[in-house]
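Report on one structure; see the data block that follows.
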Amino acid sequence: MPPTAKSSAGRRPELADTEPETARPQGTSTGTTDDPLGEGTFGRLVTGHPLVLLYANVPALIMPTLHPKIAHVLSEKDRALNGSEELSTLQATSRRLLSTYEMVMGIVFAGPESDDVAHGLHELHRPIAGSNPDGTAYHAWNKDMWNWTWGSILKGGMDIAEQFGLLRNDGRREDAYRGLNELGRRFGVRSLPDTYDEFCAYWQPIVDETLEVNPQVRFIVEHALRPPKPRGWGLVPMPLWRLASLPLTRTIRVGVLNGVPEKFHAEMGLRATLVDRLEGHVHAAFWRALPWSVAGRFGPGYFALRRRFGQPGWRTHYSRAQLAANRPDAEQARRAAQAG
């Protein structure tokens, strides 16, 4: 159901709590023989691969934001993008990226807490509501925007794996897509196409006709490729920090160049050079040489350590208890947005 226009009386209609196709399902394939994210499946290896964190994380921020409606929402709701929160240190920037990774991939790898992660990822979007520039109401759970957000994140990761030569045949490509599609279903993205070919047919017209580089996208690219100094490095000259951070920023650049369609590169201030192409080949060769059985252990290992020694977001800010406590305020924010 697309955002509904104002009525003739000038009132915006009620915002539905959630549409059927954006609600979390009552049951998933978890634990069944047909689970595309089950132990030993290629879908699980793909979601557990380090490329998700190292290369796909920044494209996962860029791709949804290329959509004008999502860029507008983020300009109002994202504290970093609207200037109300300064990402003044490397730790602050990294914390946001790691939190995003954990609240998505924890759905696969957080063991008995996986359902809590999926609940948290869905519910944290409850207060994200407002009005579009044309006066129509929006909510994060609008089916079209909900689908596009996850679909564009999914496609960026698929494209990076493809460029690295990790999806060597149609069977692997389809298994990777099935796994990522199932991951989305578990937090409420339930109406993406069933096959990868059908998904590409849905995705490409939006890329061709709707997406555009905007100030929000440029902000993401700038802060990713020119990160602030770490806390405690205030006396270190900026040129020295730029040199020290090259391994990080060059890796991020490889991810952006491979995970975002080329038609947007120039407007983002990126033009692929010979060095970029050589770096891409080196990165791809390394990951092709590393067996999937080894690379796919990264996700399970990371989350085992976080669950044992850390306090990830699904236990703190996005825990069931905290989100339940926040729900009255979230509902008030939605009603205020509705009232305009």
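The opening position of the sequence shown corresponds to residue 913 in the working numbering, with each subsequent residue numbered one higher. Note that beta-carbon positions come from the ideal geometry of N, C-alpha and C, so glycine has one too. Note that this is a predicted model, so its numbers are computed, not measured.
Cβ-based neighbour list, residue i, same chain, cut-off 7 Å, excluding 5 preceding and 5 following
i     : result
W1145 : W1153
N994  : S987 and E988
R923  : Note that R923 scores 39 on pLDDT, short of 50, meaning its location in the model is unreliable; the coordinates nonetheless yield the value given after this. Hits under 7 Å: none found.
E997  : R991
P1105 : F1111 and Y1114
S1157 : P1139
A1030 : R936, I1019, R1098 and F1099
Cβ pair residue i, residue j closer than 8 Å
i     : j     : result
P1173 : V1119 : yes
P948  : E1094 : yes
A1242 : P1024 : no
E1032 : S1026 : Note that residue 1032 is Gly in the sequence shown, not Glu. No, the Cβ-Cβ distance between G1032 and S1026 is not below 8 Å.
M975  : I1065 : yes
G1091 : V1187 : no
T940  : W1053 : no
R1098 : M1180 : no
N969  : L1009 : yes
G960  : G1211 : yes
R936  : H1037 : no
W1226 : D1028 : yes
G1063 : F1021 : no
G1208 : R1007 : no
T1005 : H1135 : yes
G1068 : G1171 : yes
For residue i: DSSP bridge partner residues
i     : result
S1043 : A1049
8 Å Cβ shell around residue i - same chain, five flanking residues per side excluded
i     : result
S1000 : P1140
A921  : Caution applies to A921, whose pLDDT of 39 falls short of 50 and renders its modelled position unreliable; the value that the coordinates give is listed next. Nothing listed; no residue qualifies.
L1182 : V1133, R1165, V1168 and L1169
N1126 : T977, L978, P980 and A983
L1137 : T1161, I1164, R1165 and V1168
W1060 : P976, H979, I982 and I1118
L1079 : M1070, A1073, R1085 and A1088
M1150 : K1141
T1122 : H979 and P980
6 Å CB neighbourhood of residue i in its chain, flanking five on each side removed
i     : result
L1218 : A quick correction: the sequence has Arg, not Leu, at residue 1218. Excluding positions up to five away in sequence, the list reads P1224.
Q1003 : R1143
W1199 : F1076
L973  : I1132
Residue i CB to nearest heavy atom of the ligand ADP below 7 Å
i     : result
R1138 : By its list of ligands, the structure shown contains no ligand whatsoever, and the ligand ADP lies outside what it can speak to.
Presumed contact (8 Å Cβ cut-off) between residue i and residue j, rounded CB distance
i     : j     : result
R1085 : Y1114 : In fact, because the Cβ distance is near 16 Å, the residues do not count as touching under 8 Å.
K1055 : S1103 : 6 Å
(message) Check whether the segment 1012–1027 and the segment 951–966 touch, using three or more Cβ-Cβ pairs below 8 Å as the test.
(response) yes
(request) Determine contact between the segment 1189–1208 and the segment 1161–1180, defined as no fewer than three beta-carbon pairs at a distance below 8 Å. (result) yes
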